[in-house]
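Read the structure below first, then the notes.
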Amino acid sequence: MKLAIIGLGVMGRNLALNFRDAGHEPVVWDAWPEARTWSAEGITVCDTPGSLVESLATPRIILLMIKSGKPVYEMREKLCSLLDAGDIVIDGGNAHYIDTQTNDMLARKTGIQFAGLGVSGGAEGARNGPSMMLGCVPEVRDVLMPLLSGIAARHNGKPCVAWFGEGGAGHFVKMVHNGIEYAIMEAIAEAWQLLSLTGLSAVEAGQQMTRWCDGKLAGYLMEISGEVLQAKDKQTNESLMDIVDEAAGQKGTGGWCVQEALNLGVPVPSIMAAVTMRQMSSFPELRRPVAPSRQAPAALSNEDIHDALLASMALALVQGVHLLDVASKRHQWQIELAETARVWRQGSILRMNLLDSFADRQGLIKIANECSNGLRACVMAASNARLPTSVLSAGLTYLDTCNAERLPTALVQLQRDRFGAHGLKHKETGQDFHGPWQRSDT
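For the record, in the sequence shown the residue sitting at position 300 is 299 according to numbering that gives the first Met the number 0, with numbers rising by one throughout.
Next up, the structure:
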């Protein structure tokens, strides 16, 4: 079939090629004249949005691969003036799920259907098979799922695309995917620093991570971490780890994930710690370097670091599971955890073996508990060496909290009642009461 793609960045171009290879006829357009000079066999580049729309048969399907936020609002408004009732506009960028729901509501007023599509896998995934998360009304789902299934990555013979509910459901799932991704990337980075603490060079640490890819830590992010740690600068032959600037970029999805977790009252400390570390890396003026102790404790081993990393990954997944579960209930979406894991299992940046346990929260906690000695040893060693391990430390605190017989927040409740008369609840009877400092006549 003939479909349109607006946005000829690397993702838009690669998706167009993917659709073409799947037997479709993509027509494309980009606001930048330079981008419209791109050409590929079997793909038509249009001069204007109007000519793009005119080239399609109804019901038209147009996929937006442009910057999220205002550009999508403006393009949706422009397209709604050109399209007919029943035509479908898909936002395939990293949109905030609330923006998707707003665009859906506004498009429907004109009779146009709007869908949110989370796409994971980067440029390689877009070209060869991404992981995709769809949110839209059921009648649009029925049109789009066969189309998307033809270009998706596949796991155990099934396409890695799924529908998660109406409105912004697909983009919400993608947002949580990215939040978990933030946490796991930072955990791997902290594991690298711990490996360096034991005396390994960047290349040796990369080789160790590559070996770990044969076991429980197997996954795409581990694979590329092993690769980049061993990479050399083409001009100087220096290790890239020695010359790259430490300021880590971000496009906002990790922060959105933290904000939504706060709004829903769901603890995601590992994701929050990863976002905070990226923020701090962008403010070098905050740092006043003190020479760290590079003497690793004799007891710290590669096995400890392996276990710390495995535990941290499992706990990041647990937090994502919790957030998806609460959000699905709150918004009345259809987010099934097993289906989420299946969609992420191939094509996505987050693809890894641990996803096989994603729907089993207690199973993930069990993995973390089995690795907790290594995690604790690594956090202690890093603290003694003045090395920041934000995600490893946050994960350990989360795990200790999950395992705690009693929490210190009992005192927080007494403090709140003392200064604000917020009230107390008896933990055995469930009865509401106040402390003796509250007068009965006030």
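Every residue gets a Cβ at the ideal spot worked out from N, C-alpha and C, and that includes glycine.
All values derive from a computational prediction rather than experimental measurement.
Cα-Cα separation between residue i and residue j, rounded to whole angstroms
i      : j      : result
Leu193 : His321 : 29 Å
Ser119 : Trp436 : 55 Å
Ala247 : Ala151 : 29 Å
Asp262 : Trp255 : At residue 262 the sequence reads Asn, which differs from the Asp that was named. Roughly 10 Å separates the two Cα atoms.
Leu63  : Ala376 : 48 Å
Phe171 : Ala298 : 42 Å
Gly117 : Ile179 : 15 Å
His154 : Gly346 : 9 Å
Asp244 : Tyr219 : 23 Å
Glu369 : Glu165 : 39 Å
Ala15  : Ser269 : 36 Å
Ile334 : Arg287 : 45 Å
Val503 : Ile183 : Coverage of the chain is limited to positions 0 through 441, which leaves residue 503 absent and any answer about it impossible.
Gly134 : Ala168 : 5 Å
Ala409 : Leu239 : 49 Å
Glu284 : Leu386 : 18 Å
Asn102 : Ile87  : 12 Å
Arg59  : Lys77  : 15 Å
Ile364 : Ala315 : 10 Å
Val146 : Pro25  : One point to set straight first is that residue 146 is Leu, not Val, in the sequence displayed. The straight-line gap from Cα to Cα measures roughly 12 Å.
Gly22  : Leu55  : 16 Å
Gln160 : Thr235 : Sequence inspection shows Val at residue 160; the Gln mentioned does not correspond to that position. Cα-Cα distance, rounded: 43 Å.
Ala420 : Val267 : 29 Å
Leu82  : Ser38  : 25 Å
Gln414 : Ala272 : 27 Å
Thr197 : Arg107 : 59 Å
Ser280 : Ser80  : 44 Å
Residues sharing a beta bridge with residue i, DSSP
i      : result
Leu63  : Ile5, Asp90
Glu24  : Lys1
Met351 : Gly218
Met482 : Summary: the structure shown does not reach residue 482, with the chain confined to residues 0 through 441, and so no result is reported for it.
Val44  : Val27
Phe357 : Paired residue(s): none; Phe357 is not in a bridge.
Phe432 : Leu423
Secondary structure of residue i, DSSP reduced to three states
i      : result
His154 : strand
Lys77  : helix
Gln412 : helix
Phe171 : helix
Ala122 : helix
Ile334 : coil
Gln112 : strand
Leu423 : strand
Ala39  : strand
Glu180 : helix
Cys212 : coil
Leu442 : Residue 442 lies beyond the range of the chain shown here (0 to 441); nothing can be said about it.
Cys370 : coil
Gly454 : Nothing can be reported for residue 454: it is not among the residues displayed for the chain, which extend from 0 to 441.
Arg438 : coil
Gly362 : helix
Glu138 : helix
Gly319 : helix
Gly11  : helix
Pro387 : coil
Ala34  : helix
Arg344 : coil
Pro70  : helix
Ala380 : helix
Pro58  : coil
Asp324 : helix
Leu199 : coil
Ala310 : helix
Asp457 : Coverage of the chain is limited to positions 0 through 441, which leaves residue 457 absent and any answer about it impossible.
Ala403 : coil
Gly49  : helix
Buried or exposed (CB count within 10 angstroms, at least 16 for buried), residue i
i      : result
Asn93  : buried
Trp31  : exposed
Asp90  : buried
Gln318 : buried
Leu228 : buried
Ser382 : exposed
His425 : exposed
Thr57  : exposed
Cys401 : exposed
Glu259 : buried
Arg329 : exposed
Lys69  : exposed
Min CB distance residue i to chain D below 8 Å
i      : result
Gly362 : The structure shown contains no chain D; it is built from a single protein chain.
Practice task
Would you list, in sequence order, the uninterrupted alpha helix (DSSP H) runs of no fewer than 4 residues that lie entirely inside the segment 223 to 307?
Solution key: 239 to 242, 252 to 263, 268 to 280
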